[in-house]
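In what follows, a single structure is set out as structure tokens and then discussed.
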Amino acid sequence: MRLWRQSFARHKFATPFLTAALVLTFAVVSCSQPASALPAFARKYGLRCSACHESWPMLNYFGQKFKDNGYQLMNDRDAPIWQNPSYWPVTFRMVGLWHRVSTGKVAVDTGTGEQRITSTGFDISGLDILTGGTLEKNFTFLLVPSSDNTGAFHMESVSARLDNLFGSPWLNIKLGKFELDNLHSEKRVLSLTANGGIYQLYHFIPVGDGNIFGQIGDNQLGVELMGHSADDRTRYSAALLSSSDGQPGLIYGANSYSGFFAASRAFDVGKLGVDRIGAYAMIGQAPTSWTTSGGPNSPIGGSGVGNKSFHREGFVGQFYFGQHFDLQVVTQHGWDNAWFGQGYGDFIDGVAIGNNTPGTTLPPGAQAPTWNGVLIEPHYVYSPQLIFVGRYETIRMSRQATPGTASNLGNISTYTIGYRYNPFMTSRAGFAWHNEYNWLHQDGTSPSGNNINTSELLLGFDFDF
Amino acid sequence: MRTSLLKGSLWVTAAAVLTFANVSSAQNTEYQEQQWMGMQSHVGKLTGHAGDAKGDYRRYCVGCHGELGDGNGENFPWLDPKPRDFTLGVFKCRSTPTGTLPTDEDLFNTIARGLVTSNMPQWNTFTSQQRADLVAFVKHFSARFQTEKPGEPIQIPPEPPVTPERVKAGQEVYNRVQCWKCHGVEGRGNGPSASTLTDDQSRPIAPYNFHDEIRFKCGTTDQDLYKIFMTGLDGTPMPSWSDNIKPDEAWDLVFYLRSLQPMKSKEKEFAKQLGLKPVNPNAPAAQPPAAEPTPTPTPPPPPAPPGSQP
């Protein structure tokens, strides 16, 4: 499921002509999300979903602390020796759904060459198999094989963690493929539609840009040092990552790495609850030059050199206003090296259109593309069983890679509204009646350079056990 | 137009769900509304209100402690030890004498600290106000809090400096009052009575193993340890020793028990220097101080109707 999202992100912006068709295809063919709501943990500890989740899969502060402790409650019952031998730490999650997807300005062979395509029908999501927990106290793991809705599997997440090194919660080391320490977690998103089920801010790539490696919403391969105070009010993390966008097999750069850093602090604000503010940054390098074999468009995997820089940084806020209302905010400023802006970068997947071989020069006036974005997500938690969700995201290009390009090309605006109702709440399984509407607008990316509007209405049964 | 209709249907469905949720929620809380929702707690400058904790209780606590606070939540069958039955008003972790109600601060601290060797986690992610509200909510389940005042917290004398002599004296207290009968001669929770112990609901209960943990059920500090055996753990076989151990001896016992724990400590170092061996129950009994009462522990009086859980 993650694979198609990455694929979507790459092709969407590299070849605007295909955008509408891809949106439609992906929306209709598949709709789900890899999330970490684990009734297996609830069964292990005897806690209801609501103890850790504001509404599953989104974590509350207690759930965040549980995760930060390496999926341990730290009450001496964490080690497997305390579990019934028949306990199996596995959760399955899937969604059966009906949805209506409508995409404007799709390239067609008739009429004006562009047409709105609307489809409705029943569908299923991919399957997430989530297993995690303790190998021994303070030795923990997470393993998430995940499939798309045709049953094609990939490894969404694989990591082992050494927790509380030297008896300190400030030292935890994780190695493998894992979600970056995004406070507002895309893996725990409360929406399911194709465009609403991801955060555009976490995957944005300017039109024509070849850099796929800065997508902070994708699980990444690397090692993470993370720490937090005993009550989790203060947290930090620093990760060293391969610049591969989480793809295994060393198929990209010969020697390219990225770093992801995050820190946050939460404050008690009396009756309002706990509010948190933080900041994050991803700073990395990725290849633009590839050795080829069998033709100029046949790069050899792992041969990427000619590293160029990129970075994304922003602030995160989690603001609670009493027991029922909260507002999550993420901002981002993005910057890609001018070489990426001109379409160099991921040549392996064909996202990049050029190979930065010796002697290659940038066109006159080429500059580093930059953009700014914000995500605002309010929640109204009527009760642990019913949550209303809204989200507004906007991304605005502040500098195009090529002078003369329309200043708004590639700008995105999207909003999502919906609710999730859990008719029961236990520590054994989860079930949500999910209803959502998403609308996405992107400037200038139809085949003829018009704006594209896409919408999706979804009703589904989201369940895990 | 069609999209508008569909979007409209989303809101109509949402309204229906909301109505349904409202009805079921009202049914769930009917009992609580009839109880003492006006209950308050007072912790420092904070005033907790039971009514403000309904949501949090339902979100975090109800799976184990149950809608009625009787410890009969959906996880009751699988938990060991069983969740606390709040209706009895009997609590293990107190600063007050055995048989009395705990202070609000005792409950406040228990919520944040959690209870090791049980499934009760540390709820230290709550704000102080949330915890104060939950204390009031916990109290509202029991009639005892309507009619009784909390006990007066016991006086804990200042902690003396730890010395080898005090560690050794502590071992003698451990032997004299026969802690070893339950906790074992080495403090491993394997004394001759260990397998026969039950709580006040006749459920098997295991004595604490000092070699396993650096935390105690009711705290981590020397003062917490002092309180545990001087106030007893109500609802369990662990009695209050306040009638049998003098305050100064109590500190000796604290130091000896610390020497048994797995972490490095001055007490452990002294015990090693002294070459302390496990207590020998068959050795001639040390003479208790003059006018010392019998070493046989006196179980605490049952403070409430039967049925409390650890």
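Quick note, the sequences are listed as chains A and B, same order. Numbering follows the numbering used here, in which position 312 of the first sequence is assigned residue number 312; successive positions increment by one, without gaps. Adding 1000 to a residue's 1-based position in the second sequence gives its number in the numbering used here. Backbone N, C-alpha and C fix where the C-beta goes; we use that ideal spot for every residue, glycine too.
Would you mind sorting residue i into buried or exposed? The rule is 16 or more other CB atoms within 10 Å of its CB.
i	result
ARG312 of chain A	buried
MET1263 of chain B	exposed
TRP88 of chain A	exposed
PRO299 of chain A	buried
PRO1315 of chain B	No information on residue 1315 of chain B is available, as it lies outside the stretch 1001 to 1310 that chain B covers here.
SER242 of chain A	buried
GLN1130 of chain B	buried
TYR1060 of chain B	buried
PHE166 of chain A	exposed
ASP462 of chain A	buried
ARG1203 of chain B	exposed
PHE388 of chain A	buried
LEU250 of chain A	exposed
ASP1243 of chain B	exposed
ILE412 of chain A	buried
Is the beta carbon of residue j closer than 7 Å to that of residue i?
i	j	result
ASN75 of chain A	PRO1121 of chain B	yes
GLN215 of chain A	ASP245 of chain A	yes
PRO206 of chain A	PRO378 of chain A	no
VAL90 of chain A	THR131 of chain A	yes
SER157 of chain A	LEU127 of chain A	no
LEU409 of chain A	GLY354 of chain A	no
PHE528 of chain A	ALA281 of chain A	Because residue 528 of chain A is not part of the residues shown, which for chain A are 1 to 465, the question remains open.
LYS174 of chain A	GLU224 of chain A	yes
CYS1064 of chain B	ASN1075 of chain B	yes
GLY430 of chain A	LEU1079 of chain B	no
LEU1225 of chain B	GLU1148 of chain B	no
PHE1210 of chain B	LEU1260 of chain B	yes
GLY1073 of chain B	GLY1066 of chain B	yes
GLY273 of chain A	TYR320 of chain A	yes
SER289 of chain A	GLY306 of chain A	yes
THR1098 of chain B	SER1240 of chain B	yes
GLY1071 of chain B	LYS1082 of chain B	yes
CYS1218 of chain B	ILE1228 of chain B	yes
GLU1267 of chain B	VAL1162 of chain B	yes
TYR236 of chain A	ALA266 of chain A	no
GLN328 of chain A	HIS184 of chain A	yes
Against residue i, what residues of chain C qualify as contacts under a CB-to-CB distance less than 7 Å, listed in chain order?
i	result
PRO1121 of chain B	This model lacks chain C altogether, as its protein chains are A and B.
Which chain B residues are close to residue i, counting only those with a beta carbon under 9 Å from its beta carbon?
i	result
LYS504 of chain A	There is no way to answer for residue 504 of chain A, as the model of chain A reaches only from 1 to 465.
VAL274 of chain A	THR1125, PHE1126, THR1127 and GLN1130
TYR61 of chain A	THR1125 and PHE1126
ASP232 of chain A	ASN1124 and THR1125
List, in order along the chain, the chain B residues whose C-beta lies closer than 7 Å to that of residue i?
i	result
THR384 of chain A	Looking at the sequence itself, residue 384 of chain A is Pro, so the reference to Thr does not match. Those are ARG1058 and ARG1059, listed as they occur along chain B.
ALA40 of chain A	Near ALA40 of chain A there are no residues of chain B at all, since even the closest Cβ is about 14 Å away, more than 7 Å.
THR414 of chain A	Within 7 Å Cβ-Cβ: nothing; THR414 of chain A doesn't reach chain B, min ~15 Å.
LYS65 of chain A	THR1125
LYS271 of chain A	GLN1129
Contact defined as beta carbons within less than 8 Å: I believe residue i pairs with residue j. What is the distance between those atoms, to the nearest angstrom?
i	j	result
GLU456 of chain A	ASN438 of chain A	5 Å
ALA1053 of chain B	PHE1137 of chain B	4 Å
ASP1133 of chain B	VAL1043 of chain B	Contact doesn't hold; Cβ gap of about 10 Å is too wide.
ASN450 of chain A	LYS105 of chain A	5 Å
THR426 of chain A	SER191 of chain A	Going by Cβ atoms, the distance from THR426 of chain A to SER191 of chain A rounds to 24 Å, so no, they are not a contact pair.
ALA352 of chain A	ASP346 of chain A	5 Å
ASN172 of chain A	MET94 of chain A	Between MET94 of chain A and ASN172 of chain A the Cβ distance is about 31 Å, and since that is not below 8 Å, they are no contact.
ARG396 of chain A	ALA42 of chain A	Not a contact, Cβ separation roughly 41 Å.
GLY210 of chain A	ALA254 of chain A	17 Å between Cβ atoms; not a contact.
CYS1179 of chain B	LEU1197 of chain B	That belief does not hold up - the Cβ atoms of CYS1179 of chain B and LEU1197 of chain B are roughly 13 Å apart, past 8 Å.
Could you list which residues in chain A have their beta carbon closer than 7 Å to that of residue i, in chain order?
i	result
VAL1116 of chain B	ASN75 and ASP76
SER1128 of chain B	ASP268
GLY1055 of chain B	GLN323
TRP1064 of chain B	One point to set straight first is that residue 1064 of chain B is Cys, not Trp, in the sequence displayed. Residues of chain A passing the Cβ test: GLY46.
ASN1075 of chain B	GLY46 and SER427
Interface residues of chain A around residue i at Cβ under 9 Å?
i	result
LEU1068 of chain B	None at all; the shortest Cβ gap to chain A is about 16 Å.
GLU1213 of chain B	ASP76
Using a Cβ cut-off of 8 Å, pull out every chain A residue sitting near residue i, in sequence order please.
i	result
PRO1079 of chain B	Here the sequence assigns Leu to residue 1079 of chain B, which means Pro is not the residue at that position. Result: GLY46.
Quick one: which chain B residues come within Cβ less than 8 Å of residue i?
i	result
SER50 of chain A	ARG1058, ARG1059 and TYR1060
Between the region 1154–1168 of chain B and the region 1241–1255 of chain B, can you find at least three pairs of beta-carbon atoms closer than 8 Å?
yes
Open item on the list: For the pair the region 391–410 of chain A and the region 62–76 of chain A, tell me if three or more CB-CB distances fall below 8 Å.
Closed with: no
Checklist entry - Do the region 215–233 of chain A and the region 1123–1134 of chain B make contact, defined as three or more Cβ pairs closer than 8 Å? => result yes
For this session: Please determine if the region 1149–1158 of chain B and the region 113–125 of chain A are in contact, where contact requires at least 3 C-beta pairs separated by less than 8 Å.
Result: no
Within 8 Å, do at least three Cβ pairs link the region 192–201 of chain A to the region 56–70 of chain A?
no
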